[in-house]
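Chains as they are written, first to last, in numbering that gives the first Met the number 0: chain X, 0 to 150; chain F, 0 to 87.
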Amino acid sequence: MSLHTALIKIEEEKISSEKAKKFISSEKNGAESIFIGKVRNENSGKKVIAVTYDAHDQAVIKSFQSICKNAKNKFDKNAKIFLEHAKGYAPVGEISILIAVGSGHRDEAFKICRYILEEVKHQSPIWKKEHYADGKEEWLPGHSLRPKKEI
Amino acid sequence: MEIQLKLYGSSKILSDKDTLNIQLPENSNIEKLRNILTKIISEKYSKSNLENLPKTAAFFSEKDEVVDDSYKLRNQEFISIIPPIGGG
Numbered sequence: 000m001s002l003h004t005a006l007i008k009i010e011e012e013k014i015s016s017e018k019a020k021k022f023i024s025s026e027k028n029g030a031e032s033i034f035i036g037k038v039r040n041e042n043s044g045k046k047v048i049a050v051t052y053d054a055h056d057q058a059v060i061k062s063f064q065s066i067c068k069n070a071k072n073k074f075d076k077n078a079k080i081f082l083e084h085a086k087g088y089a090p091v092g093e094i095s096i097l098i099a100v101g102s103g104h105r106d107e108a109f110k111i112c113r114y115i116l117e118e119v120k121h122q123s124p125i126w127k128k129e130h131y132a133d134g135k136e137e138w139l140p141g142h143s144l145r146p147k148k149e150i
Numbered sequence: 000m001e002i003q004l005k006l007y008g009s010s011k012i013l014s015d016k017d018t019l020n021i022q023l024p025e026n027s028n029i030e031k032l033r034n035i036l037t038k039i040i041s042e043k044y045s046k047s048n049l050e051n052l053p054k055t056a057a058f059f060s061e062k063d064e065v066v067d068d069s070y071k072l073r074n075q076e077f078i079s080i081i082p083p084i085g086g087g
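Below you can see the structure in the form of structure tokens.
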């Protein structure tokens, strides 16, 4: 098995870098690249205490699979890829996304990691609501999936 | 006719539940649904920063695929509203 994708209900389970490292580990790897996205404590001058991630579960998993398969076809068919994203209430410091790639060479490992991150942001139906220290909260703007010919 | 709109992201402001039942004229399409949503938002949610939602959202059919404005809706059809996305 060379591909693992999942949405993690963050109140019940943590996203684990150890699990990711174990999954991509192989004697064939000359390079292992790991990207960890985390909830940070500030955005546009506002003090953030947590983020709630909402997701269309089935469509997210479908998009994750498609993005990772495209990445393998584009950069390295033998790459091992681990991709998990948080769903639910994630306090500051929590891992929101983890992408781990094992590949023969560093260039492919880096490129696959970056490609997956950017494609997830533009294809996967996931939404972020920030919770602020003053008690307010806000859904963040994003990328429209409406067919371009209609906009 | 009536459809069930499954709410995601910012559209969750439109109801305390996960879905919103919307009444539409017979033979309505997605474009009509956008118009009805614009009306609902301007009448009831004008202060909630949702005025662009009907224009920027995509809609998924029951097959979890984006449908365009000409897509004909069926009575009791289950449609998902997909506001602009931004994970990661």
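Glycine included, C-beta positions come from ideal geometry on N, C-alpha and C. Predicted, not measured: the structure shown is a model, and the values here were computed from it.
Of all residues in the region 96-129 of chain X, only Ile96, Leu116, Glu117, Val119, Lys120, His121, Gln122, Ser123, Pro124, Ile125, Trp126, Lys127, Lys128 come within less than 9 angstroms of chain F when Cβ atoms are compared, listed by chain position.
Residue pairing of Pro90/X in beta bridges, as defined by DSSP: Ala49/X. From the listed residues Glu26/X, Ser43/X, Lys46/X, Val59/X, the smallest Cα separation to Ser102/X is found for Glu26/X. For His121/X, the secondary structure class from DSSP, reduced to helix, strand or coil, is helix. In this structure, the straight-line span from the alpha carbon of Lys86/X to that of Phe59/F is close to 20 angstroms. What Phe77/F touches in chain X, judged by beta-carbon distance under 7 angstroms, is nothing: the nearest beta carbon there is about 12 angstroms away.
The residue among His55/X, Ile66/X, Glu129/X with its C-alpha nearest the C-alpha of Thr4/X is Ile66/X.
Flagged as an interface residue toward chain X: Thr55/F, by a C-beta distance shorter than 8 angstroms.
Per DSSP, Asn34/F is one residue of the alpha helix (DSSP H) stretching across 29-43. Counting along the chain, Lys8/X sits inside the beta strand (DSSP E) bounded by residues 2-8. DSSP places Ala70/X inside the alpha helix (DSSP H), whose first and last residues are 56-74. The residues Leu6, in chain order, have a CB closer than 7 angstroms to that of Ser14/F in the same chain once the five nearest residues on each side in sequence are set aside.
About 6 angstroms separates the CB atoms of Leu116/X and Phe34/X; that is less than 8 angstroms, so the two are in contact.
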